[in-house]
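Trainee: Counting in the numbering used here, the sequence shown tops out at residue 203, every number present. Here it is, the structure in full.
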Amino acid sequence: MAGGRIAVLGGTFDPPHVGHLVLGECVRWQFGCGRVLFVPAGDPYRKTGTDTAENRRAGVASPRKVTRGVGRLEMVRLAIGGNSHFVADGREVARAGPSYTVDTLRELLAEGHEEIVLVLGSDALADLPNWREPEEIRRLARIVVAEKEPGAGTGGFEGVEMPLLRISSTVVRARVAAGQPIRYLVPEAVREYIEREGLYGRP
């Protein structure tokens, strides 16, 4: 259903973890968003390109093997199950070729959404000047920033008020590869999916 204010939380989500869910809920509450769209990046379609945050999301640069988009989208669906305000949006997974944030914002506005709150981590914010059409992104969306480290700053944008959670997809993957538990770091349905599919080099 289009209309109103929505939040867009993009990323690789390889895998989605509880930090993503806390961030989404804090954004929804703080900025009065009717829905939060979790938008997994598409599959890497070639292994060359400048290693920027957006190029990694767009599939132009792939410094590591990324779980297939359909699998990451399914994990997002499992992660957000039970929250009627959260939506797993698969448009970037379905899009052929590279997928850029500016294209997603244009599509969402064309669908009738009145305002888009684009959620960026402090690392992505630092890389924003290297993204496709960064000024257009700033024009199309209201950018808000989640600090990944204390004092990382918000670059003059609004900050997300949330507890600092030292959880990352990198940490989750490393723990799986080492045979360490990830229960409570990811939703239980995601943990079961990782185990069932044998993801991340699980012993």
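From the three backbone atoms N, C-alpha and C, an ideal C-beta is built for every residue, glycine too.
Within this structure, are the beta carbons of Gly198 and Gly112 separated by less than 9 Å?
Mentor: In the sequence shown, the residue the question calls residue 198 occupies position 198. In the sequence shown, the residue the question calls residue 112 occupies position 112. No, they are not a contact pair.
Trainee: Are Val18 and Ile167 closer than 9 Å when you measure CB to CB?
Mentor: In the sequence shown, the residue the question calls residue 18 occupies position 18. In the sequence shown, the residue the question calls residue 167 occupies position 167. Contact: yes.
Trainee: Specify the secondary structure class of Ile194 as computed by DSSP and reduced to three states.
Mentor: As a working note, residue 194 is residue 194 in the sequence shown. If DSSP states are grouped into helix, strand and coil, Ile194 belongs with the helices.
Trainee: Which of the three DSSP states, helix, strand or coil, is assigned to Leu185?
Mentor: Residue mapping note: residue 185 aligns to position 185 of the sequence shown, counting from 1. In this structure, Leu185 counts as coil in the three-state DSSP scheme.
Trainee: Can you have a look at Pro99 and say buried or exposed, based on whether 16 or more other CB atoms are within 10 angstroms of its CB?
Mentor: For the purposes of this step, residue 99 is taken as residue 99 along the sequence shown, with counting starting at 1. A quick correction: the sequence has Ser, not Pro, at residue 99. Ser99 comes out buried.
Trainee: Please classify Val60 as buried or exposed, where buried requires at least 16 other C-beta atoms within 10 Å of its C-beta.
Mentor: The residue you call residue 60 lines up with position 60 of the sequence shown. Caution is warranted here: a pLDDT of 47 is assigned to Val60, below 50, making its placement in the model unreliable, and the coordinate value is therefore given only provisionally. Val60 should be labelled buried.
Trainee: Where in the region 98-167 do unbroken runs of the beta strand (DSSP E), each at least 3 residues long, occur, reported from the N-terminal end onward?
Mentor: Entirely contained in the region 98-167, the beta strand (DSSP E) runs reaching 3 residues are, in chain order, 115-121, 142-146.
Trainee: Just the C-alpha distance for Val119 and Ala178, rounded to the nearest angstrom, thanks.
Mentor: Here residue 119 corresponds to residue number 119 of the sequence shown, with the count starting at 1. Here residue 178 corresponds to residue number 178 of the sequence shown, with the count starting at 1. Spanning the two alpha carbons is a distance of roughly 31 Å.
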